[in-house]
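J.:
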Amino acid sequence: MTKHLIILGAGGHGKVAADCASLLGRYLSIRFLDVRYPQLEHTGQWTVVGKGDDLSQYNRDDTEFFVAIGDNLTRQKVTQSLLKQQCQLATLIHPSAVVSQANQVGCGTLICANAVVNIDSKIGRANIINTCASVDHDCLLGDFVHIAPGVRIAGGVTIGESSFIGIGSVIIPSTIVGTCCILGAGSTLLSDLADHSVAVGSPAKVIKQQ
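To convert, note that position 153 of the sequence shown is 552 in this note's numbering; the numbers rise steadily by one, no gaps.
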């Protein structure tokens, strides 16, 4: 254990990230920043120490940051702000997750408990691959993607930046999902989705463009 961890966002997703970080056993301390401070001083077993409006007091060589915000566009904005300030971003992979060593996983990504990411897949920055989700071989996920719990993504799928794949959804092989798309919970995607599409159902149909 040689580093400290600061997590931005003290909601449920933040607690999941902190729990994962604790299990990894590589952090001397885990603390939170959240806009609700000082009204919110604790989340789970961890302490909220500030709002995060001044990161300079925390940005040291021995400290990593993690953005625990579920909304893709907000997570993108906060992550990009941290990178501009030359903050070190943590990548958290739960000990129970199965992730091929041949994969590329971008900084700031969380891969949750019992998730699987198979060989020759590329995961962008600040992704969320949530509990029990499966990403098969040769997939390409852009930055700031959120794969919800229980999603099943077959081989060769491409998912564009800032897209959200809802809980329990299925995507067949070699499908292309554009940027800023939403696939609703429990949907089955059988064909490509254009940028900014919202699709639901089994088989999934586009219901609007964002």
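Cβ atoms here follow ideal geometry from the backbone N, Cα and C, with glycine treated the same way. Treat the numbers as computed from the prediction; the structure is a model and nothing was measured.
Contact defined as beta carbons within less than 8 angstroms: I believe residue 512 pairs with residue 528. What is the distance between those atoms, to the nearest angstrom?
T.: Here residue 512 corresponds to residue number 113 of the sequence shown, with the count starting at 1. Here residue 528 corresponds to residue number 129 of the sequence shown, with the count starting at 1. Not quite, the Cβ-Cβ distance comes to about 11 angstroms (not below 8 angstroms), so this is no contact.
J.: Whole-angstrom Cβ separation of residue 582 and residue 564, contact assumed at under 8 angstroms?
T.: Along the sequence shown, one-based indexing puts residue 582 at 183. Along the sequence shown, one-based indexing puts residue 564 at 165. About 5 angstroms separates the two Cβ atoms, so the contact holds.
J.: In terms of DSSP beta bridges, what is residue 478 paired with?
T.: As a first step, residue 478 must be located in the sequence shown, where it is residue number 79. Beta-bridge pairing links residue 478 to no other residue.
J.: Start and end of the beta strand (DSSP E) containing residue 421?
T.: Sequence index remark: in the sequence shown, residue 421 carries index 22 (1-based). Note, residue 421: premise wrong, no beta strand (DSSP E); alpha helix (DSSP H) at 411-423.
J.: Among 474, 450 and 481, which one has its Cα closest to the Cα of residue 509?
T.: Stepping through the sequence shown from its first residue, residue 509 is reached at position 110. Comparing Cα-Cα distances from residue 509 to each of 474, 450 and 481, the minimum goes to 474.
J.: Assuming residue 373 is part of the beta strand (DSSP E), what are its boundary residues?
T.: This structure cannot speak to residue 373, because the chain is shown only from 400 to 609.
J.: Less than 8 angstroms between the beta carbons of residue 525 and residue 466, yes or no?
T.: In the sequence shown, residue 525 corresponds to position 126, counting from 1. In the sequence shown, residue 466 corresponds to position 67, counting from 1. A contact, by the Cβ cut-off of 8 angstroms.
J.: What's the call for residue 409, buried or exposed, on a 16-neighbour Cβ count within 10 Å?
T.: Stepping through the sequence shown from its first residue, residue 409 is reached at position 10. Residue 409 is buried by the Cβ-count criterion.
J.: Closer than 7 angstroms by C-beta to residue 584: which residues in its own chain qualify, once you throw out the five before and the five after it? Chain order, please.
T.: On the sequence shown, residue 584 is found 185 positions in, with the first residue counted as 1. For residue 584, where only same-chain residues beyond five positions count, the Cβ hits under 7 angstroms are 565, 566, 567 and 568.
J.: Here's the rule I'm using: 16 or more other beta-carbon atoms within 10 Å means buried, otherwise exposed. How should residue 497 be labelled?
T.: Within the sequence shown, numbered from 1, the residue matching residue 497 stands at position 98. With fewer than 16 Cβ atoms within 10 Å of its Cβ, residue 497 is classed as exposed.
J.: With burial defined as no fewer than 16 other Cβ atoms inside 10 Å of the residue's Cβ, what is the status of residue 589: buried or exposed?
T.: Stepping through the sequence shown from its first residue, residue 589 is reached at position 190. So residue 589 ends up on the exposed side.
J.: How is residue 472 classed by DSSP in three states: helix, strand or coil?
T.: The residue you call residue 472 lines up with position 73 of the sequence shown. Looking at residue 472 - three-state DSSP - the assignment turns out to be helix.
J.: I'd like to know whether the C-beta of residue 574 is nearer than 8 angstroms to at least one C-beta of chain D.
T.: The structure shown contains no chain D; it is built from a single protein chain.
J.: For the beta strand (DSSP E) that contains residue 426, what are its first and last residues?
T.: The sequence position of residue 426 within the sequence shown is 27, counting from 1. Unbroken beta strand (DSSP E) run through residue 426: 426-432.
J.: List the DSSP bridge partners of residue 552.
T.: Against the sequence shown, residue 552 aligns to sequence position 153. For residue 552, which the question treats as bridged, DSSP gives the partners 534 and 570.
J.: With distances taken between CB atoms, is the gap from residue 412 to residue 469 smaller than 8 angstroms?
T.: If you number the sequence shown from 1, residue 412 lands on position 13. If you number the sequence shown from 1, residue 469 lands on position 70. In contact: residue 412 and residue 469 (Cβ atoms closer than 8 angstroms).
J.: Let's see if you can read the secondary structure: which residues bound the beta strand (DSSP E) around residue 501?
T.: One-based indexing of the sequence shown puts residue 501 at position 102. Neither: residue 501 is in no beta strand (DSSP E) and is coded neither H nor E.
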